[in-house]
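Chains as they are written, first to last, in numbering that gives the first Met the number 0: chain G, 0 to 610; chain R, 0 to 189.
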Amino acid sequence: MSFPCSRTGWGLIVLAAICPIAPVLARPNPRYAQAPSSPQQLTFDRDIAPIVFHSCASCHRPGEAAPFPLLNYSDVKRHARQIADVTRSRAMPPWLPDPQELKFADELRLTDAEINRIATWVEQGAVEGNPADLPPAPKFVEGWRLGQPDLILTASKPLSLPPQGTDTYWNFIFPVPIQETRWVKAVEIRPGDKRYVHHANILVDREGSSRKRETEPGAGFGGMEIRIESQVFDPDSHLLFWKPGTIPYEEPDGMALRLDKGTDLILNTHLQPSGKPEVIQPSIGLYFTPHVATKFPMLLQLENDAKLDIPAGEKNFVVTDDFTLPIDVDLMAIYPHAHYLGKDILAFATLPDGAKKTLIHIPQWNLNWQAVYRYTEPVRLTKGTTVSLRYVYDNSEDNPLNPNHPPARVKGGNRSSDEMCHLWLQVLPVNFDVARGDPRMQLQEALARHNVEKNPGDFEAHYNLAAMLQAKGKLEAAVAEYETAVRLRPDDAAANNGLGAALLADGQPRPATAVLRAAIEARPDYAEAHYNFGIALTQMGDMENAAEQFRAVLKLQPNDANAEANLGAALAEMQRYPEAKLHFERALEINPNQPDAKENLEALRKVMSAQ
Amino acid sequence: MSAKFLSRLASLALVLTVSSGIARAQQGVVDLDGRVVSPLEASSGKVVVLVFLRRDCPVSGRYAPAIQEISKRYSDSAQFFLVYPDKSETPQAIRKSASEYGYHLPVLRDPEHALVKLSHVQITPEVAVFDRNHRLVYDGRIDDWYIDIGRARPAPTTHELEDAIHAAQLGETVARNEIRGVGCYISDVE
Chain G
0 MSFPCSRTGW GLIVLAAICP IAPVLARPNP RYAQAPSSPQ QLTFDRDIAP IVFHSCASCH
60 RPGEAAPFPL LNYSDVKRHA RQIADVTRSR AMPPWLPDPQ ELKFADELRL TDAEINRIAT
120 WVEQGAVEGN PADLPPAPKF VEGWRLGQPD LILTASKPLS LPPQGTDTYW NFIFPVPIQE
180 TRWVKAVEIR PGDKRYVHHA NILVDREGSS RKRETEPGAG FGGMEIRIES QVFDPDSHLL
240 FWKPGTIPYE EPDGMALRLD KGTDLILNTH LQPSGKPEVI QPSIGLYFTP HVATKFPMLL
300 QLENDAKLDI PAGEKNFVVT DDFTLPIDVD LMAIYPHAHY LGKDILAFAT LPDGAKKTLI
360 HIPQWNLNWQ AVYRYTEPVR LTKGTTVSLR YVYDNSEDNP LNPNHPPARV KGGNRSSDEM
420 CHLWLQVLPV NFDVARGDPR MQLQEALARH NVEKNPGDFE AHYNLAAMLQ AKGKLEAAVA
480 EYETAVRLRP DDAAANNGLG AALLADGQPR PATAVLRAAI EARPDYAEAH YNFGIALTQM
540 GDMENAAEQF RAVLKLQPND ANAEANLGAA LAEMQRYPEA KLHFERALEI NPNQPDAKEN
600 LEALRKVMSA Q
Chain R
0 MSAKFLSRLA SLALVLTVSS GIARAQQGVV DLDGRVVSPL EASSGKVVVL VFLRRDCPVS
60 GRYAPAIQEI SKRYSDSAQF FLVYPDKSET PQAIRKSASE YGYHLPVLRD PEHALVKLSH
120 VQITPEVAVF DRNHRLVYDG RIDDWYIDIG RARPAPTTHE LEDAIHAAQL GETVARNEIR
180 GVGCYISDVE
C-alpha cells in the first residue's frame with residue numbers, strides 16, 4: 000500500500016520597495032507675481048478663503064499633518080507671506096506631477112490664477128474684508144473618515160522618535176486577529192501623530208516572514224525597503240498608502256482585498272524628527288465587505304536597479320526600463336519610487352499604434368512627498384503596449400538632497416543612501432481568455448522573462464521566473480531557471496529549496512536531496528526545506544530519515560497539518576501503525592479537511608482491523 | 000568645516016546703523032516673568048547670540064537640538080537668548096514649548112520687535128550675533144540645512160552661526176545678509 004504525500008513547497012520572492020519626496024524649486028526670489036494693471040482690493044473673505052478652505056484646510060487643522068491650522072483669517076494672516084512664497088514655488092500644496100491628459104484623483108494643484116491671487120492679496124496688505132463674503136467653513140469628519148471601522152489594529156508598542164538625527168524608516172507589524180478569510184473594501188491608515196510621519200505604506204505578509212526580523216514580538220524593525228517572501232502565486236494587488244492629505248476610499252466593486260487567518264499587515268513608515276522627543280503609535284482601520292473579490296488586480300513592477308551605478312558628480316544619469324504588455328489591462332494607479340538623487344521621473348506608454356501617453360511626469364522629484372497616484376478613470380492599455388520608465392538622477396553637488404557631501408559613487412540598494420529605480424503599476428487584466436489560465440500569471444511570467452533578458456546576472460530575476468514557471472507546471476524550464484539562480488548564489492537557501500521542490504515535482508527525488516541538503520545547511524530552521532527533504536526521502540523509500548525531517552518541520556511549526564500527515568504516512572510505510580494513527584489524528588485535529596490524513600486514516604483502520 | 004568669512008567692507012554701513020542702536024534700551028523686551036531685560040547689557044563681556052523663534056514654526060522646532068548643541072559648545076564665550084517676537088504668544092505657552100524642546104537657555108519676548116529691528120532678522124529661525132562691544136557682526140540663517148520649506152539636506156554643509164561666533168570673538172564682521180533663513184516670516188506676526 001502506498002500513502003500519498005502532499006504539497007511540495009516552493010517559493011516566490013516578491014520584492015516590495017517602499018520608501019519616500021517634495022516639489023522643489025530653488026528658494027524663490029521675494030518678488031510676487033504681477034498684480035493686475037488696475038488692482039482691485041482683494042480680501043480674505045471673498046478671494047482667499049475659498050482657496051484656503053478647498054486646498055489647505057484639510058491638512059492644516061488640528062490633529063492633521065500640517066504644523067499649524069489655516070481655518071480662518073487670523074490663522075492665514077499669521078503665515079501670509081510664507082503662504083505666498085510656498086504656493087508660488089509650488090512647495091504647497093504638496094503635488095509633484097506636472098499637469099497631463101490622464102487625470103489623477105484628489106489632485107492638490109493650485110491654478111496659476113489662484114497663486115497670483117494669493118500673492119496680490121499679500122502685496123495689498125492681506126486684508127480681511129467683509130465677513131458676509133465668507134464661504135461656509137469647510138466641514139470635516141472627525142476621527143475615522145469612513146466611520147467606525149469593522150476592525151481597528153493598533154501597534155502593540157509605540158516607537159520613541161529621538162528629537163534629532165536623520166529621517167527614520169520603521170516597520171510596525173500588525174497581526175490581523177481574524178479566524179476566517181475576510182474581504183476588505185477600505186483601509187484607513189492613522190499613522191499616529193501625523194506631523195512626524197511623512198508617509199506610510201501597508202504590505203500584506205501572508206507568510207509571517209517579517210516577524211523573523213523582530214528582536215521580540217511587537218518590537219517592529221527598521222529599514223526603508225522590505226522584502227516579503229511568498230510561498231504561492233499570490234501577487235500583491237493593492238497599493239495601500241498614506242501621506243499627509245490622503246483621503247481613504249472604497250475599492251471599486253469586486254476589487255476587495257483578501258485577508259486570511261494568520262496574515263500580518265506591515266506598516267512601513269517614514270518618520271521625521273521634530274526637534275523634541277515624539278512617540279509614534281500608528282493604527283489601521285479595516286472595513287469589511289461580505290462580497291468576495293471578483294476582479295483581481297495585481298502590482299506590476301518596472302525597475303532597473305542593476306543599472307544604478309552613478310559616478311560621483313554625474314548630473315544627468317539616465318535609467319530606463321521598457322516592458323511590453325502580453326495582455327490587455329486597465330491601469331488603476333501608479334507609484335514611482337526613487338531616493339534622494341532622483342531628479343526627473345517619467346513614465347509613459349507607447350500604444351500598439353505608436354501613440355504615446357504620459358502616465359506620470361514629476362520634473363522635480365522629492366522623496367519626502369512620494370505618493371501613490373490613482374487615475375480618475377482606469378487607463379486602458381491594450382496588449383502590445385510598451386510601458387516605459389525614464390528616470391534621471393543627479394549625483395552632483397548641485398543636488399542639495401545628495402546624501403553624500405562631497406558626492407560619492409552611488410549604487411542601487413535598500414538603504415536610503417543607496418539609490419532606487421522602481422515604478423509600480425496597479426493593473427487589472429481585462430478581455431482575457433479564461434481558458435489560458437490566470438491572466439496575472441501571464442503578466443508575471445512575461446515580466447519575469449523581461450527581467451532575465453534585461454539583467455542575465457540578476458539572481459532575483461531568475462528566481463522569480465523559476466517560481467512562475469513552476470507555478471504554471473512548466474517544470475523542466477523551472478528547473479533550468481532555478482539552476483541558474485543557484486549558480487549565481489550557491490548558498491541561497493530559497494533558491495536551493497526551490498530547485499529541490501521543482502526537481503521533486505518533476506519526479507527526480509535523488510538530485511533533489513543534494514540541493515535540499517544545501518538549503519537546510521544555509522538555513523537550518525527552514526521548515527519548507529525540511530519538508531521537501533522529507534518528501535524526497537519518502538519517494539526514495541528512506542522512511543526512517545523522512546520521518547526525522549517531518550519531525551524537524553513540526554519542531555519549527557507545531558501546527559503543520561501536512562507535516563503531521565506525511566509523518567504518519569512515513570510511519571505507516573514502516574508499519575508502525577499505532578504511531579502513524581496518532582499523527583493522522585493530530586493532522587485532522589489541526590485541519591479536519593487534510594485530505595491525505597483522512598484517506599490514510601481510513602486505509603490504516605482497515606489494515607489494522609484486518610490484522 | 001568652516002565657511003569663508005566674507006568681506007568686512009560690505010558691512011560697514013550696517014555697523015554704523017547698529018552702533019546707533021546700542022545706546023537705546025530695547026523697548027518692551029521682557030523675560031517670561033515680565034521683567035525688563037537688556038540682553039546686550041546682561042551678557043557680561045560675552046558674545047551675544049539672539050535666536051529668533053516662533054512657536055508655530057516647524058523649522059524653528061527642528062532646529063532646537065542644533066541650537067542647544069551650539070550654545071553648549073560656546074557656553075564659555077557666547078551668551079545665547081531665545082527670542083519670541085510674536086506678541087500673541089503668552090509666557091505660559093512659550094515656557095511650555097521651550098521645556099518640551101528641552102531648552103535650558105534664557106527666554107525673551109519681543110512683542111514690540113525692538114530686538115527684531117536691532118538685529119535685522121526677518122525669518123524664524125534666524126540668529127543675530129553681537130560682539131563684546133555690542134556690534135552686530137552677523138544676522139541670518141544658522142546654517143544651510145534647509146533649502147526651502149519642506150526640503151532639507153541630510154546635514155548642513157555650511158555653519159554661518161558658528162563662523163559668526165568665531166568672527167565676533169576676533170572682532171570681525173561677517174556679512175551674510177543675502178542668505179536669509181528658511182522658515183516663517185516674522186513680519187507675518189507684526
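C-beta atoms are modelled at their ideal positions from N, C-alpha and C, and glycine is treated no differently.
Are the C-beta atoms of residue i and some chain R residue less than 8 Å apart?
i	result
Asn544/G	no
Asn394/G	no
Arg6/G	Note on Arg6/G: pLDDT 35, under 50, position unreliable in the model; the coordinate value appears next. So no, Arg6/G is outside the interface.
Leu107/G	no
His338/G	no
Thr612/G	In this structure chain G extends from 0 to 610, so residue 612/G is not present and cannot be described.
Pro399/G	yes
Leu162/G	First, the amino acid is wrong: residue 162/G is Pro here, not Leu. Output row for Pro162/G: interface = yes.
Asn170/G	no
Kindly indicate if chain G contains any beta-carbon less than 8 Å away from that of residue i.
i	result
Arg72/R	no
Ala22/R	Residue placement at Ala22/R is flagged as unreliable, the pLDDT there being 36, under the threshold of 50; a coordinate-derived value is accordingly withheld.
Glu40/R	no
Val188/R	yes
Gly44/R	no
Tyr137/R	no
Tyr184/R	yes
Gly180/R	no
Ile69/R	no
Tyr83/R	no
Leu169/R	no
His133/R	no
Looking at residue i: is its Cβ nearer than 8 Å to the Cβ of residue j?
i	j	result
Phe201/R	Leu52/R	Not covered by the structure: residue 201/R. The range shown for chain R is 0 to 189.
Ala346/G	Leu330/G	no
Thr180/G	Leu256/G	no
Ile283/G	Arg144/G	no
His112/R	Glu161/R	no
Ile177/G	Leu266/G	no
Leu285/G	Leu150/G	yes
Ala79/G	Ala125/G	yes
Asp263/G	Asp321/G	no
Tyr374/G	Leu340/G	no
Thr349/G	Thr381/G	no
Start and end of the alpha helix (DSSP H) containing residue i?
i	result
Ala500/G	Ala492 to Ala504
Trp120/G	Asp111 to Glu122
Phe583/G	Tyr576 to Ile589
Thr512/G	Pro508 to Ala521
Asn544/G	Met542 to Leu555
Glu277/G	Where Glu277/G is concerned, there is no enclosing alpha helix (DSSP H), although the beta strand (DSSP E) it sits in stretches over Glu277 to Ile279.
Tyr137/R	No alpha helix (DSSP H) holds Tyr137/R; the beta strand (DSSP E) holding it covers Leu135 to Gly139.
Leu603/G	Pro594 to Ala609
Please report the residue range of the beta strand (DSSP E) in which residue i lies.
i	result
Lys184/G	Arg181 to Arg189
Lys356/G	Lys355 to Ile361
Asp204/G	Val196 to Asp204
Leu285/G	Ser282 to Thr288
His53/G	Not the beta strand (DSSP E): His53/G falls in the alpha helix (DSSP H), residues Ala48 to Ser54.
Glu141/G	Unbroken run through Glu141/G: none, as it is neither H nor E.
Leu160/G	Leu158 to Leu160
Asn267/G	Asp263 to Leu270
Ile172/G	Thr167 to Pro174
- Task: Quick one: which residues of the stretch 269–292 of chain G get their C-beta closer than 9 Å to a C-beta of chain R? List them in chain order.
- Result: Taking 9 Å as the Cβ-Cβ cut-off against chain R, the residues of the stretch 269–292 of chain G that qualify are Gln271, Pro272, Ser273, Gly274, Lys275 and Pro276.
- Ordered list of beta strand (DSSP E) runs contained in the stretch 377–428 of chain G, each at least 3 residues: 385–392 and 421–428
- Query: the stretch 63–90 of chain G: which residues have C-beta closer than 8 Å to a C-beta of chain R, in chain order?
  - Reply: Pro66, Phe67, Lys76, Arg77, His78, Ala79, Arg80, Gln81, Asp84, Val85, Ser88 and Ala90
- Task: Residues of the stretch 96–119 of chain R with a CB closer than 8 Å to any CB of chain G: list them in chain order, please.
- Result: Glu99, Tyr100 and Gly101
- Task: Taking only runs that begin and end inside the stretch 297–331 of chain G, name each unbroken beta strand (DSSP E) of 3 or more residues, in chain order.
- Result: 297–302 and 316–323
- Check distances from the C-beta atoms of the stretch 149–160 of chain R to those of chain G and list, in chain order, the residues that come in under 8 Å. Gly149, Arg150, Arg152, Pro153, Ala154 and Thr156
- Identify every run of the alpha helix (DSSP H) within the stretch 55–86 of chain R, keeping only runs that are complete inside it and at least 4 residues long; order them along the chain. 57–61 and 63–72
- Task: With 7 Å as the C-beta to C-beta threshold (strictly closer), list the residues of the stretch 401–430 of chain G near chain R in chain order.
- Result: If the cut-off is 7 Å between Cβ atoms, the stretch 401–430 of chain G has Pro402 and His404 near chain R.
- Message: Under 7 Å, CB to CB, which of the residues in the stretch 47–58 of chain R have a partner in chain G?
- Response: Asp55 and Pro57
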